[in-house]
Amino acid sequence: AQSVTQLDSQVPVFEEAPVELRCNYSSSVSVYLFWYVQYPNQGLQLLLKYLSGSTLVKGINGFEAEFNKSQTSFHLRKPSVHISDTAEYFCAAMYSGGGADGLTFGKGTHLIIQP
Amino acid sequence: DGGITQSPKYLFRKEGQNVTLSCEQNLNHDAMYWYRQDPGQGLRLIYYSQIVNDFQKGDIAEGYSVSREKKESFPLTVTSAQKNPTAFYLCASSKTGRSYEQYFGPGTRLTVT
């Protein structure tokens, strides 16, 4: 079965420091990758997506992610975080063929920004 | 403004009762989805629909039912057969095709006691 693994359930970081949230996906011939953010008791908002082409993808709110096929990773980064970045972050994949046609989500990483 | 609405925001039911969660979208999307979110578990797909009058089971469909009579609407019924129905339920929609991102509603928190 296809899977998405977020290696850290919680990441504490000081305000204005850089952050990396890690995501690995199970290898597939064809996969599309997404990062979503969820604020408390709200729905999910798309941060960025990788479909093809350049492996460095830029998203909203200063986030970016790098697709690494050899390491089957899609880590999310931000050079300087703000208190307002405190939220739950989800990595998700859309695989080709077989099974349901929805997104496969990781279990989420809670980003905690400390003043 | 285009978007997805889910109602109500909070829902309380007694065990043994069926309950229907509403999801409406005005984005003109063909595809709609229902996910369940539990703490520390991420989101898991319950049902999805690519077109009106057609829907498919997701990974955890047991104890749930859906209908898709209109393009804009995709209600989810949590039946009494669902063993652990207390959760946060999220509805999403997208254009048809794997490359299109899904847009999410604000969610409904269901508590069954």
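Each protein sequence line maps, in turn, to chains A and B. Residue 43 in my numbering sits at position 61 of the first sequence, and the numbers go up by one each step. Residue 28 in my numbering sits at position 31 of the second sequence, and the numbers go up by one each step. In this text, a Cβ means the ideal position worked out from N, Cα and C, and glycines have one as well. All figures in this text were calculated on a predicted structure; none of them were measured in a lab.
Exercise. Would A/Phe87 pass as a contact of A/Val(-14) if the rule is Cβ separation under 8 Å?
Worked result: Your numbering for residue 87 of chain A matches position 105 in the first sequence. Your numbering for residue -14 of chain A matches position 4 in the first sequence. For A/Phe87 and A/Val(-14), yes; Cβs fall inside 8 Å.
Problem set entry | Selected residue, minimal CA-CA separation from A/Gln(-8), among B/Leu42, B/Gly37, B/Leu73 and B/Phe52 | Here residue -8 of chain A refers to the residue found at position 10 of the first sequence. If we check each option's Cα against that of A/Gln(-8), B/Gly37 comes out closest.
For this session: Over the uninterrupted beta strand (DSSP E) stretch that includes B/Thr191, give me the two end residues.
Result: With chain B running from -2 to 110 in the structure shown, residue 191 of chain B is simply not present.
Problem set entry | Residues of its chain near A/Ser8, where Cβ-Cβ distance is below 6 Å and the 5 sequence neighbours each way are ignored | Here residue 8 of chain A refers to the residue found at position 26 of the first sequence. Around A/Ser8: Gln(-16) and Ser(-15).
Exercise. Would a check of beta-carbon distances place A/Phe72 closer than 8 Å to chain B?
Worked result: Taking the first residue of the first sequence as position 1, residue 72 of chain A is located at position 90. Yes, because at least one Cβ of chain B sits closer than 8 Å to the Cβ of A/Phe72.
Exercise. Buried or exposed: where does A/Ser78 fall if 16 or more other Cβ atoms within 10 Å of its Cβ makes it buried?
Worked result: Translated into positions along the first sequence, residue 78 of chain A becomes position 96. A/Ser78 is exposed by the Cβ-count criterion.
Exercise. Can you tell me the Cα-Cα spacing of A/Ser36 and B/Leu107, whole angstroms?
Worked result: Translated into positions along the first sequence, residue 36 of chain A becomes position 54. Translated into positions along the second sequence, residue 107 of chain B becomes position 110. Computed Cα separation, rounded: 41 Å.
Exercise. In terms of DSSP beta bridges, what is B/Asp35 paired with?
Worked result: The sequence position of residue 35 of chain B within the second sequence is 38, counting from 1. Secondary-structure assignment with DSSP links B/Asp35 through a beta bridge to B/Gly39.
Exercise. Interface residues of chain A around B/Phe101 at Cβ under 9 Å?
Worked result: Position 104 of the second sequence holds residue 101 of chain B. Per Cβ cutoff of 9 Å: Tyr18, Gln20, Gln24, Gly25, Leu26, Gln27 and Leu28.
For this session: On the DSSP bridge assignment, give the partners of A/Pro(-6) in chain order.
Result: Working through the first sequence from its first residue, we reach residue -6 of chain A at position 12. Bridge partners of A/Pro(-6): A/Ile94.
Exercise. At a Cβ threshold of 8 Å, is A/Leu15 touching chain B?
Worked result: The residue you call residue 15 of chain A lines up with position 33 of the first sequence. It does not: the Cβ of A/Leu15 has no partner Cβ on chain B nearer than 8 Å.
Problem set entry | Amino acids of chain A, ordered along the chain, whose beta-carbon sits closer than 7 Å to that of B/Tyr30 | The residue labelled residue 30 of chain B in the question sits at position 33 within the second sequence. Correct list: Gly84.
Exercise. Cβ-heavy atom distance between B/Gln99 and the ligand SAH below 7 Å?
Worked result: No copy of the ligand SAH appears in this structure; indeed no ligand is present at all.
Problem set entry | Endpoints, the beta strand (DSSP E) within which A/Ala69 is located | One-based indexing of the first sequence puts residue 69 of chain A at position 87. For A/Ala69, the uninterrupted beta strand (DSSP E) run begins and ends at Ala69 to Tyr77, by DSSP.
Problem set entry | Under the three-state DSSP convention, the category B/Ile57 falls into | Numbered from 1 along the second sequence, position 60 holds the residue referred to as residue 57 of chain B. B/Ile57 falls in the coil class under three-state DSSP.
For this session: Answer yes or no: does any C-beta atom of chain A fall closer than 8 Å to that of B/Gly37?
Result: For the purposes of this step, residue 37 of chain B is identified with residue 40 of the second sequence, where counting begins at 1. Judged by the 8 Å Cβ criterion, B/Gly37 is in contact with chain A.
For this session: Answer with buried or exposed for A/Phe56, where buried requires no fewer than 16 other C-beta atoms within 10 angstroms of its C-beta.
Result: Counting from 1 along the first sequence, the entry for residue 56 of chain A is found at position 74. Looking at its Cβ environment, which holds 16 or more other Cβ atoms inside 10 Å, A/Phe56 is buried.
Exercise. For A/Ser52, which of helix, strand or coil comes out of DSSP?
Worked result: For this step, residue 52 of chain A is matched to residue 70 along the first sequence. Residue state, collapsed to three classes: coil.
Problem set entry | Exposed unless 16 or more other CB atoms sit within 10 angstroms - verdict on B/Asp35 | Within the second sequence, residue 35 of chain B is the residue found at index 38, counting from 1. Exposed: under 16 other Cβ atoms inside 10 Å.
For this session: Would you verify that the beta carbon of A/Gly88 is, or is not, closer than 8 Å to some beta carbon of chain B?
Result: Numbered from 1 along the first sequence, position 106 holds the residue referred to as residue 88 of chain A. Taking Cβ atoms only, chain B reaches closer than 8 Å to A/Gly88, which makes this a yes.
Problem set entry | According to DSSP, residues forming a beta bridge with B/Thr2 | Stepping through the second sequence from its first residue, residue 2 of chain B is reached at position 5. Per DSSP, B/Glu21.
Exercise. So which residues on chain B does A/Lys31 lean against when the C-beta distance must stay under 7 Å?
Worked result: For the purposes of this step, residue 31 of chain A is identified with residue 49 of the first sequence, where counting begins at 1. The contacting residues are Glu98.
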